[in-house]
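With positions in the sequence shown counted from 1, the corresponding number in the working numbering is that position plus 1.
Glycine is no exception: its CB is placed at the ideal position from the N, C-alpha and C atoms.
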Amino acid sequence: MEEKELLQPQATQCAPQQQPKLMDRIRSFPKDFADTGQLMISAKRWLTVSTEPVPDCDIVVMFPRDADKEFVAWCRHSLLNHVPDLTLRQVELQYSRCVALYVTASFRSLLKAADTVGLRKRLRSSYGGGYQEFTLEELDLFANGQSASDFFSSQERQGLVRHLLLSWRLEAANCWPGLSLTEQQPALPQLQVRGLVQAVFPLHCQRDLSRLQASWVGRLFRPQPLNAVQEYFGVKVALYFAWLGFYTMALLAPALVGAVAHFLSSSDAACGLLVCFNILWATVYLEMWKRHSSVLTYDWGTLDSGNTDLLDECRPLFKYKAQSELRTTPQGQPSISRITGRVTLAYPAWKRLAIRYLISLPVIAACLAAVVCLMLLQFAFQDWITEMVTEKALPSVVDFAPKVTNALVISMCDYFYKGIAKWLNDLATRSSPAHRQIIDNIKEVGIPFVMSRIRNYKMSLDYERQKKRDSAEPDTAPDTEGSPGITQTEVEASLEAYDDPYEDYLEMFIQYGYMCMFSCALPLAGVFCLINNVMEIRSDAFKLCTGFRRPFGTKVSDIGVWQMALEGISCVAVTVNVALLGVSGAVSRWFPSLSPAQVVLLLVLFEHIVLVLKYIIAKAIPDVPHWIEEEIAITEHKKRAALKLQNRAHLRAKRESGSCSEG
2 MEEKELLQPQ
12 ATQCAPQQQP
22 KLMDRIRSFP
32 KDFADTGQLM
42 ISAKRWLTVS
52 TEPVPDCDIV
62 VMFPRDADKE
72 FVAWCRHSLL
82 NHVPDLTLRQ
92 VELQYSRCVA
102 LYVTASFRSL
112 LKAADTVGLR
122 KRLRSSYGGG
132 YQEFTLEELD
142 LFANGQSASD
152 FFSSQERQGL
162 VRHLLLSWRL
172 EAANCWPGLS
182 LTEQQPALPQ
192 LQVRGLVQAV
202 FPLHCQRDLS
212 RLQASWVGRL
222 FRPQPLNAVQ
232 EYFGVKVALY
242 FAWLGFYTMA
252 LLAPALVGAV
262 AHFLSSSDAA
272 CGLLVCFNIL
282 WATVYLEMWK
292 RHSSVLTYDW
302 GTLDSGNTDL
312 LDECRPLFKY
322 KAQSELRTTP
332 QGQPSISRIT
342 GRVTLAYPAW
352 KRLAIRYLIS
362 LPVIAACLAA
372 VVCLMLLQFA
382 FQDWITEMVT
392 EKALPSVVDF
402 APKVTNALVI
412 SMCDYFYKGI
422 AKWLNDLATR
432 SSPAHRQIID
442 NIKEVGIPFV
452 MSRIRNYKMS
462 LDYERQKKRD
472 SAEPDTAPDT
482 EGSPGITQTE
492 VEASLEAYDD
502 PYEDYLEMFI
512 QYGYMCMFSC
522 ALPLAGVFCL
532 INNVMEIRSD
542 AFKLCTGFRR
552 PFGTKVSDIG
562 VWQMALEGIS
572 CVAVTVNVAL
582 LGVSGAVSRW
592 FPSLSPAQVV
602 LLLVLFEHIV
612 LVLKYIIAKA
622 IPDVPHWIEE
632 EIAITEHKKR
642 AALKLQNRAH
652 LRAKRESGSC
662 SEG
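In structure tokens form, the structure reads like this:
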């Protein structure tokens with residue numbers, strides 16, 4: 002047998018079932034529709050079964066349905082040989098007919114993994130109570146260090162098990178025949194790229210998830226349980242919801258001021274009030290958010306974690322491009338890291354710069370030029386429609402055509418630009434890890450929810466049909482007597498992966514830009530944004546808890562590049578608001594004796610004064626509260642004192658043992 006044939010699916014003993022034709026499906030539609038009630042009962046039973054926890058499982062490694070059983074057995078055997086700290090259980094799922102590996106690790110193995118990755122854990126109060134990188138020799142210094150059930154949260158367990166999985170690295174001599182793996186690199190991501198491994202994901206803890214949903218999703222006007230969110234989903238996701246909640250609370254001020262300005266008799270006074278207020282509000286809000294973020298990350302132990310980008314490995318799925326099922330091409334050249342000493346994939350700096358300046362910048366410039374052209378065409382179309390309505394007495398509803406066209410163009414541009422941005426991001430080889438918003442909420446929550454219900458009904462129907470087919474062929478059917486049917490693993494495997502809150506940040510960033518730059522044109526924008534965001538928090542929470550797989554937790558010290566983006570848009574907002582103030586003609590009406598050139602000079606002077614004031618406010622408000630700096634200093638002092646006492650005790654014990662041996 003050739004080597005490549007070993008990866009081909011094994012033939013089944015039973016004859017293949019013929020797929021129903023289109024006309025047969027159309028004819029059976031009325032009956033299927035009439036059986037909706039039965040499907041709903043099946044869905045309820047499916048949901049009841051799916052909530053049963055999977056014992057002894059932190060991460061699921063799922064193989065495709067047509068995976069070779071010998072290849073799966075080789076993967077399991079190789080994993081156990083190379084990573085003996087893992088505990089594997091092979092399961093054949095009854096509904097999907099896929100093979101899955103349930104992966105977990107013992108408490109001792111998790112402790113060793115936490116020591117390896119430098120997981121930050123809280124010290125006992127007698128040792129300062131702060132956070133410190135975990136070391137196995139100092140286990141007694143950490144809170145709950147002797148409790149196997151309380152020391153690690155489920156999110157931390159899954160992260161450590163994932164680290165152990167990624168430590169599975171193969172050499173050519175130990176590889177499956179026909180496979181070509183990059184040596185000294187994690188094997189599991191390479192198998193995922195080839196399609197030999199279907200998915201690797203952590204399982205939801207139904208008990209913790211139900212408790213979190215009850216205190217989070219359904220409580221519309223209560224504070225978010227951010228600590229519980231952080232423990233379950235990780236710091237990165239929790240910081241997004243913390244930022245969104247803080248932003249929503251900060252919108253109370255512009256909503257109130259905008260409502261007052263809306264009812265002012267003088268539109269010039271309202272415009273001037275909103276311009277000044279928006280600029281100051283954006284600055285104060287961002288500085289106060291930095292302080293609030295520092296408090297949260299201090300409580301979660303990531304504030305003083307430092308910059309570890311150079312210590313982190315590349316994104317596992319970033320490294321490789323699939324050439325075929327058996328071979329992948331690594332992105333970069335293997336080299337020894339000067340920092341960690343491990344083999345990693347390095348990308349030449351000159352190639353990165355060439356891509357940035359010869360591809361990325363021209364593509365971005367072309368996109369901006371396309372936006373300008375579309376805007377000019379939109380203006381011309383608006384003028385033409387207005388002229389047609391006026392001269393030919395067309396219905397006034399025709400005047401809405403440019404607005405509808407504009408909305409469609411914006412949606413299409415969003416779609417294409419997101420694809421271009423992702424393409425440029427991969428090309429650049431970055432390896433470090435109102436009406437419109439109502440529609441977005443429906444798309445984000447309604448569509449995934451409806452699709453999950455459709456998958457629910459389809460899985461229930463397919464399962465019932467499969468049971469009938471198996472009962473008709475008792476000789477070839479697997480023994481499913483007493484089996485739970487559709488398992489939690491199969492349910493979560495059918496969900497989409499939630500890798501990053503990028504899309505959620507982007508949506509709110511666009512709203513923040515409109516709020517800062519153009520709310521003087523619509524004073525009630527703050528009110529509309531506030532109402533939208535109250536619903537946005539719960540809709541995003543509902544989406545995350547019910548519509549996606551559980552993400553792996555990520556520890557971060559802030560919201561990252563989004564902080565710089567928000568600060569950049571607030572600086573642009575100064576120029577835009579001052580320009581809108583000049584275009585509105587309010588300055589000319591306030592100072593009628595000024596010539597147009599003098600008005601422009603006055604606006605430029607006002608812009609520079611505001612920028613200086615913005616800079617002064619940003620420097621006057623410290624990013625980290627003083628009491629946190631004191632707490633960090635106190636914790637560090639207690640930690641050093643405790644370690645000094647411990648070292649003295651070790652030296653004393655060593656001297657006593659030495660004197661006893663001499664005696």
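Could you tell me the alpha carbon to alpha carbon distance between residue i and residue j, rounded to whole angstroms?
i	j	result
proline 626	leucine 124	22 Å
proline 190	valine 162	15 Å
alanine 422	asparagine 648	53 Å
arginine 98	arginine 66	6 Å
aspartate 500	threonine 555	10 Å
valine 68	leucine 102	Here residue 68 turns out to be alanine, not valine, going by the sequence shown. The alpha-carbon atoms of alanine 68 and leucine 102 are separated by roughly 13 Å.
leucine 425	leucine 359	12 Å
arginine 223	arginine 212	15 Å
glutamine 1	histidine 638	The first residue shown for the chain is 2 and the last is 664, placing residue 1 beyond what the model contains.
glutamate 93	proline 524	60 Å
phenylalanine 672	leucine 221	Given a span of 2 to 664 for the chain in the structure shown, any question on residue 672 remains unanswerable.
valine 573	lysine 70	59 Å
isoleucine 443	glycine 548	Any reading at isoleucine 443 must be qualified, since the residue scores a pLDDT of 45, below 50, and its modelled position is unreliable; the value itself is stated next. Cα-Cα distance, rounded: 13 Å.
alanine 642	tyrosine 128	8 Å
arginine 437	valine 118	No answer about arginine 437 holds up, because its pLDDT of 42 lies below 50 and its placement is not dependable.
glutamine 564	lysine 291	9 Å
cysteine 546	leucine 210	7 Å
alanine 260	isoleucine 617	29 Å
leucine 287	alanine 634	26 Å
lysine 645	lysine 113	24 Å
Leaving out the 5 sequence neighbours to the left and right, which residues in its chain are closer than 6 Å to residue i when beta-carbon positions are compared?
i	result
arginine 551	Pro203 and His205
leucine 297	Ala243
lysine 237	Thr555 and Val557
valine 611	Ile280 and Val575
threonine 303	Val236, Lys556 and Ser558
leucine 240	Ile560
So, using beta-carbon positions, are residue i and residue j closer together than 7 Å?
i	j	result
glutamine 185	glycine 235	no
aspartate 57	glutamine 159	no
leucine 275	alanine 262	yes
leucine 375	valine 410	yes
aspartate 505	aspartate 541	yes
glutamate 497	tyrosine 96	no
glutamine 489	valine 73	no
methionine 516	cysteine 530	yes
histidine 293	phenylalanine 264	no
isoleucine 629	serine 110	no
Secondary structure at residue i, three-state DSSP: helix, strand or coil?
i	result
isoleucine 487	coil
threonine 249	helix
serine 181	strand
threonine 555	coil
aspartate 132	The residue asked about is misnamed: residue 132 is tyrosine in this sequence, not aspartate. Correct three-state label for tyrosine 132: strand.
valine 92	strand
isoleucine 560	coil
threonine 298	helix
Ignore the nearest five residues each way along the sequence and tell me which others in residue i's own chain have a CB closer than 7 Å to its CB.
i	result
valine 198	Val62, Phe64, Leu189 and Leu192
phenylalanine 152	Asn145 and Gly146
valine 600	Gly583, Val588 and Ser589
arginine 653	none
threonine 105	Asp57, Cys58, Asp59, Thr88 and Val162
arginine 77	Leu89, Gln91 and Leu102
Please return the same chain residues whose Cβ sits closer than 8 Å to the Cβ of residue i, not counting the five positions on each side in sequence.
i	result
threonine 406	Gln379 and Phe382
phenylalanine 519	Ala526, Val577 and Leu581
alanine 366	none
serine 672	Nothing about residue 672 can be read from this structure; the chain reaches only from 2 to 664.
arginine 170	His83, Glu184, Gln185, Gln186, Pro187 and Ala188
Can you check DSSP and say which residues form a bridge with residue i?
i	result
methionine 63	Ala101 and Ala200
leucine 87	Ala106
lysine 122	Gln133
glutamate 388	According to DSSP, glutamate 388 bridges with nothing at all.
glutamate 497	Phe549
arginine 170	Pro187
phenylalanine 143	Leu124
Does the ligand COA have a heavy atom nearer than 6 Å to the CB of residue i?
i	result
histidine 78	The ligand COA is absent from the structure shown, which contains no ligands of any kind.
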